[in-house]
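Q: Per the working numbering: the sequence shown = residues -15 to 210. Here a beta-carbon is modelled for each residue, glycine too, at the ideal position from N, C-alpha and C.
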Amino acid sequence: MPTYDDGAVHRFLDSVLFGSGAGPSISDAFLLNSHILESIQRASLEQDAKAVHPVSFLDMFVWNNPAARLPNAGVADDFGVINGATGFGTNGLSLNTVDVKALGATNVYLRFTYVLPRNYDPGNDVEVRLKSAGMLTTVADTSATADVEAYEMNGAAGIGTDLCTTAATTINSLTLADKVFVISAGGLLPGDMLDIRVNYALNDAASGTVVQGFIGMVQMLLDSRG
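1) Tell me the DSSP bridge mates of MET204?
2) Quick one: what's got a C-beta closer than 6 angstroms to ASP32's C-beta in the same chain, skipping five residues either side?
3) Grouping DSSP H, G and I as helix and E and B as strand, with all else coil, what is ASP61?
4) Alpha carbon to alpha carbon, how far is THR220 from VAL110?
5) Alpha carbon to alpha carbon, how far is ALA189 from ASN75? Give it in angstroms, no decimals.
6) With a CB to CB cut of under 7 angstroms and the five nearest residues on each side skipped, what residues in its chain are close to THR129?
7) Classify LEU42 as helix, strand or coil using the three-state DSSP reduction.
8) With a CB to CB cut of under 8 angstroms and the five nearest residues on each side skipped, what residues in its chain are close to THR145?
9) By the DSSP assignment, the beta strand (DSSP E) with ASP125 in it spans what residues?
10) Expressed to the nearest angstrom, what Euclidean distance is found between the alpha-carbon atoms of GLU133 and GLY192?
11) Between the Cα of PRO50 and those of LEU206, ILE180, GLY171, spot the shortest distance and give me the residue it belongs to.
12) Considering only C-alpha positions, which residue in the set THR122, ALA35, THR97, VAL99 is nearest to PHE198?
13) Could you give the distance in angstroms between the alpha-carbon of MET177 and the alpha-carbon of ALA57?
14) Helix, strand or coil for LYS163? Go by DSSP, reduced to three states.
15) Which residue's Cα is closest to the Cα of TYR93: LYS163, VAL194, ASP61, LEU147?
16) Is the separation between the beta-carbon of ALA169 and that of GLY107 shorter than 8 angstroms?
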């Protein structure tokens, strides 16, 4: 049986996997594998940069009424979860504002909480991505922007300051595009809970066709290990 610098692990692999000699019992194998796994620190694993974690549509709620899920159509200052023109099996879900044509300056929101998972790499990248953000049918005649606010909850009904460092950005286009908002993550750890609100600020004074904000999906992008 060959020998290696790290001894027992390779002798085990040679004897059990390659049949080069008598090796430990199956119960010993389980113990050995357990010891190997326990000895690997998460920080030693390769980082998966900005891994995508979609936010479920059912985890989003009315921004000033957390007990209420988003409605099935945009209403006043709330996004709606839209089932498409013909529904399940034909259309995917999306997020739409109410038609804001001729309403002047209007803010439309959605809100959700997000717990940083166990494999989040502490203090590393956290971003909120609005997938396929933009306008439907007609752009606003004045402006349309998207913004994100994110606060770390302290577990005692308190929060810190807004952690989003990205300024409001225009979404006033019929060409849908991803919009990414960076969260200041210096003090964030696995298990921390973020309270996040998405805000579409729309301003339209015309009275023509439909002017409606759109988001295809909300995603969290996290640096993670393991």
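A: Quick look at the numbers:
1) HIS37, VAL112, per the DSSP bridge assignment.
2) These residues qualify, in order along the chain: SER208.
3) If DSSP states are grouped into helix, strand and coil, ASP61 belongs with coil.
4) The chain is shown from -15 up to 210; residue 220 falls before or after that span and cannot be answered.
5) C-alpha of ASN75 to C-alpha of ALA189: approximately 31 angstroms in a straight line.
6) For THR129, where only same-chain residues beyond five positions count, the Cβ hits under 7 angstroms are ALA152, THR153, THR154, ILE155, ALA185.
7) Secondary structure at LEU42: helix, using DSSP grouped into helix, strand and coil.
8) TYR135, listed in sequence order.
9) Unbroken run through ASP125: none, as it is neither H nor E.
10) If you take the alpha carbons of GLU133 and GLY192, they lie about 32 angstroms apart.
11) The closest CA to that of PRO50, considering only LEU206, ILE180, GLY171, is found on ILE180.
12) Closest option to PHE198, judged by alpha-carbon separation, among THR122, ALA35, THR97, VAL99: THR122.
13) Distance between the alpha carbons of MET177 and ALA57 is about 28 angstroms.
14) Assigned with DSSP and collapsed to three states, LYS163 falls in strand.
15) Put simply, of LYS163, VAL194, ASP61, LEU147 the residue whose alpha carbon is nearest the alpha carbon of TYR93 is ASP61.
16) Against a cut-off of 8 angstroms, the Cβ pair of GLY107 and ALA169 comes out as a contact.
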